[in-house]
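Novice:
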Ligand SMILES: NC(=O)c1ccc[n+]([C@@H]2O[C@H](COP(=O)([O-])OP(=O)(O)OC[C@H]3O[C@@H](n4cnc5c(N)ncnc54)[C@H](OP(=O)(O)O)[C@@H]3O)[C@@H](O)[C@H]2O)c1
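Residue numbers (UniProt numbering): 1 to 348.
This is the structure:
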């Protein structure tokens with residue numbers, strides 16, 4: 001008789017980040033001891049995932065009863081889907097509470113983002129308080145209204161109440177084009193969020209752009225390194241004598257250094273110039289009208305590519321996580337992303 005498999009509920013299997021994490025779990029040495037159920041939005045994606053031995057449930061994060069049921073059946077939940085939606089995380093937590101009532105102490109590995117501590121700079125300077133993932137008091141001092149914070153608070157409260165052990169991963173600007181079994185099967189989104197936003201705005205105006213002086217700074221981390229951070233947390237929390245900090249202390253930043261938005265803006269300008277789609281190889285400042293046109297509003301443009309957001313992955317690295325991809329890789333990835341987006345747009 002085969003041993004019972006540990007049930008895992010996975011949200012975000014088809015996403016840029018979630019797909020890479022799932023691909024790593026599928027090739028994990030202990031993969032055969034887990035039964036993974038993934039939430040997907042279409043039959044088509046379900047059909048593509050099933051050959052990988054992944055069970056699927058069709059639904060959205062608005063299907064709260066379904067989320068509660070699936071979470072109640074799982075020992076481990078990965079949520080890599082939405083860092084700002086309270087109702088769906090509340091449904092997952094209700095499910096985990098039910099699970100706890102059956103005698104289990106379930107695990108939630110949730111994805112937030114370093115945007116929780118971003119500060120506005122309109123691209124004019126790079127001075128910011130550095131947030132250390134080893135200092136939970138810094139995060140507790142953040143306002144409830146900060147990006148991602150309300151969801152993080154709900155997750156941490158569940159741990160405090162004692163019905164789940166919770167771990168929050170906070171990636172910074174994720175870059176790089178994932179390549180794994182799920183991308184090859186056409187299941188996973190291969191584009192990140194911030195850089196493509198900036199690239200599309202730059203293509204739209206025919207010139208690489210920056211917000212303000214491009215002086216604001218964020219951390220970067222590659223898609224592959226971020227997936228390894230999830231694996232490091234997963235390995236830690238699934239060892240029999242799990243000592244990984246959880247709850248208010250279970251915060252794990254994904255970063256491998258700092259970049260200025262001018263560095264990325266200039267790389268976009270150069271790539272566009274080389275492709276014959278940009279006027280100059282040096283970035284110029286987005287006008288107010290351009291910010292509104294390409295980012296939805298000046299505020300959003302300033303937030304996405306003109307804010308500061310600097311953290312330290314102290315606790316993540318204490319787990320043994322060793323990110324490999326550097327700023328050179330980030331800058332090199334810009335051209336790849338620019339060319340991919342130009343190609344996509346040309347084929348539409
Ligand atoms: N990318 C970054 O740089 C970055 C940095 C920090 C934090 N994060 C956070 O990481 C999480 C994942 O981001 P990502 O870059 O992987 O995003 P993504 O590529 O857009 O993936 C989002 C995932 O959520 C699914 N999804 C979206 N809306 C849904 C809904 N209503 N119901 C069910 N499924 C839904 C998508 O499924 P479909 O395939 O059906 O669309 C996809 O699997 C987010 O919370 C994001 O804020 C990302």
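C-beta atoms are modelled at their ideal positions from N, C-alpha and C, and glycine is treated no differently. Since the structure is predicted, the reported quantities are computational estimates derived from the model, not experimental observations.
Rounded to whole angstroms, what is the Cα-Cα separation between residue 178 and residue 156?
Specialist: Computed Cα separation, rounded: 30 Å.
Novice: Please go through the same chain and pick out, in chain order, the residues whose beta-carbon is closer than 7 Å to the beta-carbon of residue 82, but skip the five residues on each side of it.
Specialist: If we look at residue 82 and ignore the five residues flanking it on each side, its Cβ neighbours are 61 and 88.
Novice: I'd like to confirm the pairing. Which residues does DSSP put opposite residue 79 in its beta bridges?
Specialist: In the DSSP output, where bridge partners are listed per residue, residue 79 has 11 and 110.
Novice: Measure from the alpha carbon of residue 268 to the alpha carbon of each residue in 148, 301, 238 and 209, then state which is nearest.
Specialist: Of the listed residues, the one whose Cα sits closest to residue 268 is 209.
Novice: Would you call residue 1 buried or exposed, if buried means 16 or more other Cβ atoms sit within 10 Å of its Cβ?
Specialist: Confidence at residue 1 is low in this model, with a pLDDT of 41, below 50, so the placement of that residue is unreliable and no value is reported for it.
Novice: Residues in its own chain within less than 7 Å of residue 21 by CB, not counting five upstream and five downstream?
Specialist: Once the five neighbours on either side are set aside, the close Cβ partners of residue 21 are 78, 80, 227 and 230.
Novice: Indicate the three-state DSSP secondary structure (helix, strand or coil) for residue 254 in the structure shown.
Specialist: DSSP places residue 254 in strand when its eight states are reduced to three.
Novice: How would you label residue 96, buried or exposed, when you count the other beta carbons within 10 angstroms and need 16 or more for buried?
Specialist: Looking at its Cβ environment, which holds 16 or more other Cβ atoms inside 10 Å, residue 96 is buried.
Novice: Along the chain, where does the beta strand (DSSP E) containing residue 310 start, and where does it finish?
Specialist: Where residue 310 is concerned, there is no enclosing beta strand (DSSP E), given that its DSSP letter is neither H nor E.
Novice: Please list the terminal residues of the continuous alpha helix (DSSP H) segment that includes residue 220.
Specialist: Per DSSP, residue 220 belongs to no alpha helix (DSSP H); it is in the beta strand (DSSP E), 217-222.
Novice: Run through DSSP, which three-state label would residue 338 get?
Specialist: Of the three classes helix, strand and coil, the one that applies to residue 338 here is helix, per DSSP.
Novice: With distances taken from CA atoms, which of 52, 56 and 51 is nearest residue 43?
Specialist: When each option's Cα is compared against that of residue 43, the closest is 56.
Novice: Please return the same chain residues whose Cβ sits closer than 7 Å to the Cβ of residue 190, not counting the five positions on each side in sequence.
Specialist: Same-chain partners within the cutoff: 16, 177, 178 and 183.
Novice: Hey, quick one: how far does the alpha helix (DSSP H) through residue 183 stretch, first residue to last?
Specialist: 181-184 is the span of the alpha helix (DSSP H), which, as asked, contains residue 183.
Novice: Which residue or residues does DSSP assign as beta-bridge partners of residue 209?
Specialist: In DSSP, residue 209 forms a bridge with 284.
Novice: Cα-Cα, which of 64, 160 and 140 is closest to residue 107?
Specialist: Nearest option by C-alpha distance: 160.
Novice: Along the chain, where does the alpha helix (DSSP H) containing residue 87 start, and where does it finish?
Specialist: Residue 87 -> alpha helix (DSSP H) spans 86-101.
Novice: Once DSSP output is grouped into helix, strand and coil, what is the label at residue 123?
Specialist: Correct three-state label for residue 123: coil.
Novice: With distances taken between CB atoms, is the gap from residue 166 to residue 194 smaller than 7 Å?
Specialist: Result no, Cβ atoms of residue 166 and residue 194 do not sit closer than 7 Å.
Novice: Here's a check: name, in chain order, each residue in its chain whose Cβ is nearer than 8 Å to the Cβ of residue 33, leaving out the five neighbours to either side.
Specialist: Within the same chain, residue 33 has close Cβ partners 3, 5 and 6.
Novice: With a threshold of 7 Å on Cβ separation, who are the neighbours of residue 336 within its own chain once the five nearest residues in sequence on each side are excluded?
Specialist: If we look at residue 336 and ignore the five residues flanking it on each side, its Cβ neighbours are 177.
Novice: Alpha carbon to alpha carbon, how far is residue 420 from residue 303?
Specialist: Coverage of the chain is limited to positions 1 through 348, which leaves residue 420 absent and any answer about it impossible.
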